Every structure is written in structure tokens, then in C-alpha cells.
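Numbering (this note's numbering), first residue to last: 100 to 390.
Just so it is clear, CB atoms sit at the ideal spot from N, CA and C, and this is done for glycine as well.
Since we're looking at a predicted model, the values are computed, not measured.
Comments concern the structure below.
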């Protein structure tokens, strides 16, 4: 997927309420998305898109503020599946449904898309999955697999536009951005500012011991990352955790707080190799823009 290529997305709001149901279409894409809060589900069920085969994502608050609880599924009629979830799953507050405008998605296609989305969520570890397991990819012909992959690429590009970021990978521009470092409490970490938040690089370290005054949300986030294997103990050290993959936090402060086991001001903690803080760099950038 080429993130450097520009594209346009059209969002139609049938009710006129920007916080309500939104219909999402991307340039040169055969798909269409319907994104809505659970409170307007009946409006969504009246839409033709939810009577077609498709994939869907439902999400709501999780144990950690940084990590929503998510269920990903597929159905021959996604509206019918969501009606079932409305009766049996209480956690979700929002939904995103994706179908084909030309009705070319069949059962094998949507099962493939569901499996790919679940794998993506499992790999990125930015949400807690309510699904019982991650299914194997169904066998498709080369043509069908290529078409499904293209459909998925466009779907993933549309999600951040409507505020769904937990499936987003860290930016591919990591080698060209300004690297930042955190050296404190005996640990070393590296990261960078990304369009979706703040990315901490794989191999960075985090303290094991939290301070007593740590905010609960930071402690809960650390526990969730330990459970998901993002924070792991290595054989060569029992004194700190190691970040096992490039991981996106919502902010520099959240990243610093998780690594240091205490509340932290990210703009002051993260510094470049010259010792300038992120706050300094942001202020310098603002001054340059102002003339």
C-alpha cells in the first residue's frame, strides 16, 4: 500500500448530524463504508449496504483507555449480524460496515477480509479482541486474493479518516523523521512523532517497577501491553521490559508514562540527539511557521 500517493475520500451524512451515520467512499474504490454510533443503528439497518455481503468492525471502551474492545466479523447480510450483536454484546458503541458497490464480494472474499483484519488487529496490538480466535486465511485463486487485498488496502486507508486508528500501522517514514530519545531511570528508548500518535521503536526499554502514585490508566495500559507481549522480559535483563515491536501510543506523554512507570510530560521527556526536548522542537517549528 503506497501511503505517499494522494487520494480523495467523500463522506456523506444523510441525517445532517456529523456525529451520526456517515457513508464513506474513496476515489477509485469499488467499496463503500457505513460508519455509525450504536444509537442510530436503526438508521443504519435501513441502508441497502447492510443488506449485502461485507465485513464489519464494532468497538467500545476496553479495560485500558488506549486499547478499545473490538469485534471483527463478516456476514452475507451484515445488518442481520449486527442485530444479533445488539442483543448479545453490550460493550460496543460504534460500528463500521464495508461492502462492495458492485456486489462483487462473495462469501470467500469476505471471509478472507475478516481474517486479514483480525490478523492486522492481532499484530498491531492496539485493541483488545473480543473474537475467540484469529481464523486461517481461506484459499482463494490468485485473482480473487489480489482483488481482496486491493479492497482491503482501500478499506484501511478510509478507517483513520473516520477516527478508527487501532488498525493503523506505524508510519513508513520512520527513517526520514526526527528521532527522539528517552534516557531516565536506567532505561533507554527511541521514538518519533507519527500522524497517528507517538511511535516507540522496537528494542526500547521500560522500567519494571511502577511508582505508587502512577495514574490507574497508565498501570492498566502497562498490564495490557505485558499481556499482549508488547512489553517483554528478555534473557539478558530482569531489570526492565523490552518493547518487542514498533508500537504507537496516543501521545508522547502516554508513551513516556508507560515506559517510566509514572506520570510524565512527554514533550519534556523526549529529546533529540542534541538534547532539545520535543517541546523545544515544537516551539521552534511554530516560530518558523509564524514567520
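Residue pairing for residue 348: DSSP places it in a beta bridge opposite 297. Residue pairing of residue 173 in beta bridges, as defined by DSSP: 154. With fewer than 16 other beta carbons inside 10 angstroms of its own, residue 333 counts as exposed. The closest CA to that of residue 210, considering only 228, 234, 201, 373, is found on 234.
Per DSSP, reduced to three states, the secondary structure at residue 124 is strand. Here DSSP, grouped into helix, strand and coil, assigns residue 378 to helix. Looking at the backbone, the Cα of residue 363 and that of residue 353 are separated by about 8 angstroms. Taking all protein chains in view, the Cβ of residue 262 is surrounded by fewer than 16 other Cβ atoms within 10 Å, so the residue is classified as exposed.
Cβ-Cβ distances below 6 angstroms link residue 161 to 167, 168, 227 in the same chain, with the five nearest sequence neighbours on each side left out; the list follows chain order.
Short of 7 angstroms from the beta carbon of residue 207, and not among the five residues preceding or following it, lie these beta carbons of its own chain, in chain order: 237, 239, 243.
Here residue 123 is near residue 132, since their CB atoms are less than 8 angstroms apart. In the three-state reduction of the DSSP assignment, residue 283 falls in the strand class. For residue 316, the uninterrupted alpha helix (DSSP H) run begins and ends at 315-326, by DSSP. Apart from the 5 residues on each side of it in sequence, residue 118 sits with its Cβ closer than 8 angstroms to the Cβ of 136 in its chain, given in chain order.
According to the DSSP assignment, residue 209 belongs to the alpha helix (DSSP H) that extends over 206-223. Counting only residues of its own chain and dropping the five nearest sequence neighbours on each side, residue 144 has a CB closer than 6 angstroms to the CB of 178. Going by C-alpha positions, residue 224 is about 8 angstroms away from residue 346. Inter-segment contact for the region 190-205 and the region 249-268 is present: three or more beta-carbon pairs are separated by less than 8 angstroms. Residue 228 carries a strand assignment under DSSP once its states are collapsed to helix, strand and coil. For residue 366 against residue 381, the beta-carbon gap comes to about 7 angstroms, under 8 angstroms, which counts as contact. Assigned with DSSP and collapsed to three states, residue 332 falls in strand.
Linking residue 276 to residue 187 through their CA atoms gives a straight-line distance of about 45 angstroms.
In the three-state reduction of the DSSP assignment, residue 363 falls in the coil class, being assigned neither a helical nor a strand state. In its chain, beyond the 5 residues on either side, 360, 361 have a beta carbon closer than 7 angstroms to the beta carbon of residue 310.
In the structure shown, residue 104 falls within a coil segment according to DSSP collapsed to helix, strand and coil. Put simply, the backbone Cα of residue 358 is about 16 angstroms away from that of residue 336.
Spanning the alpha carbons of residue 355 and residue 260 requires a straight line of approximately 27 angstroms. Look at residue 239 here: in three-state DSSP terms it is coil, with no helix or strand label. At a Cβ-Cβ threshold of 8 angstroms, residue 298 and residue 270 count as neighbours.
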